[in-house]
Each structure stands twice: as structure tokens, then as C-alpha cells.
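Just below is one structure, and these are the notes that go with it.
Protein chains in written order, with UniProt numbering: chain V, 1 to 203; chain Z, 1 to 203.
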């Protein structure tokens with residue numbers, strides 16, 4: 001047994017930092033475990049034994065990113081909270097290093113099931129962290145009862161990720177504010193009320 | 001010089017169909033030009049001479065997809081037109097073959113500049129085709145003057161692509177209708193009026 005924060009944790013941190021560098025420079029297909037070990041300053045056999053492959057390394061990187069809590073905003077209004085979330089997502093995706101990392105991780109998730117599962121889990125954790133902004137807005141009467149917090153926060157992120165993957169439009173503060181305003185307008189109009197999907201089934 | 005629709009066009013169609021199959025089965029990293037040639041029933045040297053690599057094949061595939069016109073809806077209301085667009089995008093992404101193709105192409109665009117440019121062009125062409133739905137809605141007074149058609153259609157697609165890449169939520173008819181309703185609510189609220197981004201700059 002090793003103490004938390006001991007050698008095992010240190011090795012993991014070094015290896016995951018090296019995986020980030022590898023992903024940004026070479027993408028999933030270009031990850032070489034030997035080079036990861038060298039960058040991390042650990043033995044090759046450690047990396048092979050503990051992770052075994054590039055996809056497992058990406059999955060572990062996402063798990064570690066998800067564990068890094070980004071506390072939600074508490075601005076007192078849903079408009080303010082959604083704008084704070086959108087700007088956070090926008091800054092992350094527009095950052096040269098983080099943006100490249102997300103591109104590489106998304107690309108990895110398209111071809112590898114373990115990476116895809118890790119990516120879904122990462123987003124689910126982040127969304128759960130921010131969900132109370134919406135439940136509190138319901139209590140304040142800003143949006144209709146039954147508004148689904150997950151749908152609201154997915155709607156905030158979606159236009160920014162769409163820009164990232166299509167290359168159409170820049171990811172700047174104006175884009176973030178427009179993404180937040182889009183989600184807010186839809187939430188106010190009742191688009192994300194949970195049983196809304198059953199309403200149109202008969203069409 | 002070869003006649004349009006002659007041997008050159010036939011070879012291209014066969015090769016691009018083979019590229020689709022390769023992408024769906026193996027992704028960009030797994031594309032083998034020899035296998036593409038064999039699937040297409042053409043000589044290896046033809047594929048090497050004319051395309052030279054997997055990324056160029058993907059770029060040409062996107063160019064050919066963009067040239068396949070998908071005429072826009074004319075339902076008489078923006079709500080109807082946006083729903084038609086969202087269902088079209090949703091059906092495409094949810095289709096096992098087309099969905100896998102888009103996943104592979106997005107993944108390719110993350111690692112290859114030529115594929116990224118081809119993907120941006122593809123989306124720009126599709127959006128331009130549908131833009132008149134919004135300009136007509138402005139004329140009918142359904143949304144404010146100055147509403148940017150591109151922004152509206154990107155907002156329709158974004159939640160569906162977000163589901164594709166994050167793996168969160170299914171891409172079904174309800175999701176498509178919610179994507180259309182989100183874009184419509186935001187458009188009505190004036191979120192996509194072109195100079196809206198300057199309004200909040202002073203914050």
C-alpha cells in the first residue's frame with residue numbers, strides 16, 4: 001500500500017502531464033509510450049505495466065481532469081451563472097494548450113471506446129457540478145419548473161464545441177456570451193422542460 | 001481532356017465510396033491507399049497519383065458531399081424550417097453509416113489541416129443553402145432585423161453535434177426538435193442580431 005500523495009500519485013501526475021504534451025504534439029495516433037516515459041522521467045516498464053496503451057492513458061487523463069473541481073458560479077441570476085459557465089468553457093477551448101488537448105481527446109474518443117466513455121464521464125461530472133444553478137433559478141422563478149439542468153448546460157457548451165470542431169467562427173467572449181444567451185432564451189421559453197420531448201411525439 | 005461523367009468521374013465516385021467504407025471501418029489513421037484502390041476496383045497507382053494520401057482523400061470526399069445539394073425547406077414559418085433542418089442533421093448523425101463517417105471526418109479534421117479546411121467549407125456551403133429561411137423570416141417579421149442566418153443554423157446543429165462528440169444523450173427526433181426550438185427562442189429574443197456582440201463589450 002502506498003500513501004496518497006506518495007510516489008504512485010507523483011508518477012501518475014508526471015505521466016499524465018507527459019500524455020498531455022504528447023496528445024497536443026502528436027494526437028492519439030502518435031502517442032508513443034516510450035516517449036511518454038522519457039518525458040515523465042519514469043521507467044518505460046512502469047508506463048506499460050500501469051496503463052498499457054495510449055487510449056488508457058487518455059482515459060486516465062480525463063479522469064484526472066474531471067477530478068479537478070471547477071466550482072460553479074453563484075452570481076445570483078441564471079443569466080450571470082450561464083455567462084460565467086460559457087466564458088469558462090470558451091476560455092478553455094480557445095487556450096492554445098487546452099484547446100489542442102480537447103481536440104485531441106475528442107479525436108481519440110471518436111476511435112476508441114474507452115476514451116469515449118471517459119469523455120462522457122468527464123462532461124457528466126462537470127455538468128453535475130453546475131446543475132444547482134438551474135434548480136436555484138427554478139426556485140427563483142426565472143425559468144419554468146421542470147427545466148432540466150443538464151440540457152441547459154449542454155446548450156451552453158454546444159455552440160462553443162461546434163465552433164471548435166467545424167472551424168466556423170472564433171471562440172471569443174462574444175461567442176461565449178451568445179452561447180449563454182441562447183441557452184437562457186431557450187430555458188425561459190420552456191424548451192428544456194423535461195417532459196417537453198413527449199409533447200411533440202404525436203406529430 | 002475527359003468528358004464530365006466519363007471515366008475520370010466514375011473512378012472518383014468509386015474511390016470516394018471506398019474512402020467512406022475505409023473511414024467508417026478504420027478511421028483516418030487506418031486508411032490504406034492500397035485497400036482503397038482494391039475496394040474501388042482501380043489501380044493503386046491511380047489513387048497514389050491523383051490523391052497521394054488519406055487526408056487528401058477525406059478532403060475530396062467532403063468536397064463531393066458538399067456538392068450534393070440538399071435543398072432547403074420552405075415550410076412558410078421559421079419554426080417549420082428550423083425543425084426540418086434539425087431533423088435532417090439529426091437523421092444524418094444518427095444514421096449508423098453517415099454518423100460513423102462524420103465522426104471519422106471530424107476526427108481527421110482535428111489532426112489534419114487540409115481535412116479541417118474541407119470540413120469548414122462543407123459546413124459553410126450547407127449553411128449558405130439554408131440561409132434564405134432566416135432572411136425570409138426577417139421579412140415576415142418573425143425574428144428581428146439583422147438576425148444572422150449563419151448563427152441561427154449553427155445554433156440548430158450545435159446541440160446535435162455536441163451529443164455526437166460527447167456521447168451524452170441520444171440523437172433522436174426529440175433532440176432535433178429541441179435543437180430547433182432552442183435556436184428559434186434565441187433568434188426571437190434577438191441573440192443572433194449581428195451587432196449584438198458589440199452591445200456587451202463594455203461589461
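Ideal Cβ placement from N, Cα and C applies to all residues, glycine included.
Answer with yes or no whether the minimum CB distance from residue i to chain V is below 8 angstroms.
| i | result |
| --- | --- |
| residue 119 of chain Z | yes |
| residue 59 of chain Z | no |
| residue 75 of chain Z | no |
| residue 157 of chain Z | yes |
| residue 27 of chain Z | yes |
| residue 147 of chain Z | no |
| residue 107 of chain Z | yes |
| residue 154 of chain Z | yes |
| residue 97 of chain Z | no |
| residue 124 of chain Z | yes |
| residue 161 of chain Z | yes |
| residue 39 of chain Z | no |
| residue 44 of chain Z | no |
| residue 104 of chain Z | yes |
| residue 2 of chain Z | Bear in mind that a pLDDT of 49 at residue 2 of chain Z, under 50, signals an unreliable position, so the model cannot answer this. |
State buried or exposed for residue i, treating a residue as buried only when at least 16 other CB atoms are found within 10 Å of its CB.
| i | result |
| --- | --- |
| residue 103 of chain V | buried |
| residue 145 of chain Z | exposed |
| residue 10 of chain Z | exposed |
| residue 13 of chain Z | exposed |
| residue 27 of chain Z | buried |
| residue 6 of chain Z | exposed |
| residue 217 of chain V | A query on residue 217 of chain V cannot be resolved here, the shown segment of chain V reaching from 1 to 203 and no further. |
| residue 25 of chain V | exposed |
Excluding the 5 residues preceding and the 5 following residue i in the sequence, name in chain order all residues of the same chain whose CB lies nearer than 8 angstroms to its CB.
| i | result |
| --- | --- |
| residue 70 of chain V | 88, 126 and 129 |
Under a CB-based cut-off of 8 angstroms, is residue i close to chain Z?
| i | result |
| --- | --- |
| residue 182 of chain V | yes |
| residue 90 of chain V | no |
| residue 170 of chain V | no |
| residue 56 of chain V | no |
| residue 68 of chain V | no |
| residue 197 of chain V | Here the model assigns residue 197 of chain V a pLDDT of 44, short of 50, so the residue's position is not dependable and the matter cannot be decided. |
| residue 111 of chain V | yes |
| residue 191 of chain V | yes |
| residue 87 of chain V | no |
| residue 204 of chain V | The displayed coordinates of chain V run from 1 to 203. Any statement about residue 204 of chain V would go beyond what the structure contains. |
| residue 94 of chain V | no |
| residue 207 of chain V | Any answer about residue 207 of chain V is impossible in this case: the structure gives chain V only from 1 up to 203. |
| residue 35 of chain V | no |
| residue 204 of chain V | It is not possible to answer for residue 204 of chain V, since the shown part of chain V is limited to 1 through 203. |
| residue 178 of chain V | yes |
Going by the beta-carbon positions, is the gap between residue i and residue j smaller than 8 angstroms?
| i | j | result |
| --- | --- | --- |
| residue 114 of chain V | residue 56 of chain V | yes |
| residue 48 of chain V | residue 33 of chain V | yes |
| residue 182 of chain V | residue 193 of chain Z | no |
| residue 86 of chain V | residue 160 of chain V | yes |
| residue 167 of chain V | residue 116 of chain Z | yes |
| residue 35 of chain Z | residue 22 of chain Z | yes |
| residue 84 of chain Z | residue 66 of chain Z | no |
| residue 131 of chain V | residue 150 of chain V | yes |
| residue 31 of chain V | residue 54 of chain V | yes |
| residue 107 of chain V | residue 111 of chain Z | yes |
| residue 18 of chain Z | residue 29 of chain V | no |
| residue 162 of chain V | residue 154 of chain Z | yes |
Who are the near neighbours of residue i in its chain, counting only those whose CB is closer than 6 angstroms to its CB and skipping five residues on each side?
| i | result |
| --- | --- |
| residue 94 of chain Z | 171 |
| residue 82 of chain V | 156, 180, 183 and 184 |
| residue 79 of chain Z | 184 |
| residue 59 of chain Z | 114, 115 and 118 |
| residue 142 of chain Z | 78 |
| residue 46 of chain V | none |
| residue 201 of chain V | Bear in mind that the predicted position of residue 201 of chain V carries a pLDDT of just 43, short of 50, making it too unreliable to give a figure here. |
| residue 164 of chain V | 93 |
| residue 64 of chain V | 16 |
I'd like the list of long-range same chain contacts for residue i, defined as Cβ closer than 7 angstroms, with 5 residues on each side in sequence excluded.
| i | result |
| --- | --- |
| residue 98 of chain Z | 92 |
| residue 157 of chain V | 89 |
| residue 147 of chain V | 134, 138, 187, 192 and 193 |
| residue 109 of chain Z | 115, 116 and 119 |
| residue 42 of chain V | 11, 14 and 15 |
| residue 75 of chain Z | 81 and 84 |
| residue 20 of chain Z | 61 and 101 |
| residue 152 of chain V | 134, 183, 187 and 192 |
Which complete beta strand (DSSP E) runs does the segment 151-194 of chain Z hold, if anything under 3 residues is left out?
none
As an exercise, report each continuous alpha helix (DSSP H) stretch of at least 4 residues that is fully enclosed by the UniProt domain "HTH tetR-type" (9-69) of chain V, in chain order.
Runs of the alpha helix (DSSP H) inside the UniProt domain "HTH tetR-type" (9-69) of chain V: 33-40, 44-50 and 54-67.
Enumerate, from N- to C-terminal direction, the unbroken alpha helix (DSSP H) stretches of 4 or more residues contained entirely within the segment 108-153 of chain Z.
Assignment of alpha helix (DSSP H) within the segment 108-153 of chain Z, counting only whole runs of 4 or more residues, yields 113-130 and 132-139 in chain order.
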